[in-house]
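In the numbering used here, the protein residues as written are 2 to 295.
The C-beta atom is built at its ideal place from N, Cα and C for all residues, glycine as well.
Scroll down for the structure; my scribbles are underneath it.
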Amino acid sequence: MTPEPIPTGVRLCRAADLLARHEGAQGAGGWWTGTLLLTSRAEPCLIHGLVELRFLDPLGHEIVRSMPSASGAFRDWAVVGEAQVQWLLSNWCEPRPTVGAILVLLPGDPTPVVARLDPPMGVGARCNSADGGADGVKGATTMSVGRRPTLEPITSPPPARIAARIDAPSTAVAGDTLRYVVTLTNLTTDTLVLDPCPSYVESLGGQALPTPAPPSNWPTFKPWSPIVPYAGVAKESHLLNCGKSPSIAAGASISFEMRLAVPADALGSDTLRWGVIAGLGELTASALMTIVPR
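Next up, the structure:
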């Protein structure tokens, strides 16, 4: 991929041009990472080069300042409007500090832009090497400087065209055939044509059975995670029998008789679920029931 060219004709940012805000941080993979948002007070300007960060405690004492990342490792420029600066703490072996502010120093400008943290934030990172040896240098690193990601607008799903309802007995008998009715209602102002006639799936979830104990020679340090067995599970799929009624008028309903074989080992509370596999979008319905022995 061709790198995006650094724009020309845009003046360099100075500290007085910018506002800084801390956007949040979190631990990740033994490090502690966070993001600062830089916003231009007026016209857009260009940041290009190392942005130094200085982390202060709530009393204003410096905790650590960022080291430059390897040349070319991260993007080091942005036109501000709004830009993000990402930082990382690594190999932190001292007691967990509390950060009350982060100073942002732009290339060639000794005046800091201050991002205050209210309330102050405790930070830390995994201690890999207390002497700062081969396992990593202690401290902070300024990572990428770039545009703030544009949030994609959340599009609302289209309104439902059809609704499903289950009318089922509250009790079913293990080993018998469960008979129930599914009613589809057209929610639109147009006739809904069932062409092609959709497929559907019907199911009972069953009940979890006790899991077996680990073998006597199972290592005590190794977690025992057996597959959970189930009883009373049923699942069938069929093509809906549209018959001579392949369409539903606006606001009208049509009902279908359903049948599902109840497993002989089913027992107790369960949920009958019904849903279209394809043809009418995401369409589901469910009903609670109790399964009793013969």
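- One Cα belongs to L39, the other to A21, and the distance between them is close to 5 angstroms.
- For W78, the closest alpha carbon among the candidates W93, P121, L13 is that of L13.
- DSSP places R180 in the uninterrupted beta strand (DSSP E) bounded by 178–187.
- Counting along the chain, G276 sits inside the beta strand (DSSP E) bounded by residues 269–279.
- For the options W275, A267, E5, P264, the alpha carbon positioned closest to that of E258 is the one of W275.
- Of the candidates A265, P216, A26, V114, A26 places its Cα closest to the Cα of G125.
- Distance from the CA atom of L188 to the CA atom of S254, rounded to whole angstroms, is 9 angstroms.
- Between P264 and S256, the alpha-carbon positions lie close to 25 angstroms from each other.
- Leaving aside the five residues that flank V81 on each side, the residues in its chain whose CB is nearer than 8 angstroms to its CB run, in chain order, C14, D18, L19, L39, T40, S41, P45, C46, L47, I48.
- The alpha-carbon separation between L195 and I228 amounts to approximately 41 angstroms.
- Apart from sequence neighbours up to five positions away, the residues of its chain that approach S270 with a beta-carbon distance below 6 angstroms are T291, ordered along the chain.
- Using a 10 angstroms sphere on the CB of G28, the tally of other CB atoms stays under 16, which defines it as exposed.
- DSSP, read as helix, strand or coil, puts D119 in strand.
- A straight line joining the alpha-carbon of V114 with that of N92 spans about 26 angstroms.
- Using a Cβ distance threshold of 9 angstroms, L51 and T112 do not count as a contacting pair.
- With a cutoff of 9 angstroms on beta-carbon distance, V183 and I167 are scored as near each other.
- Annotation for L118: H23, V100, G101, A102, I103 place their beta carbon closer than 8 angstroms to its own, counting only its chain and skipping 5 residues before and after.
- Across the structure, V202 and A288 are spaced so that their CA atoms are roughly 14 angstroms apart.
- G207 is positioned such that its CB atom lies closer than 9 angstroms to that of G233.
- The distance from the Cβ of S67 to that of W88 is about 6 angstroms, consistent with a contact at the 8 angstroms cut-off.
- In the DSSP secondary-structure assignment, M290 is bridged to D271.
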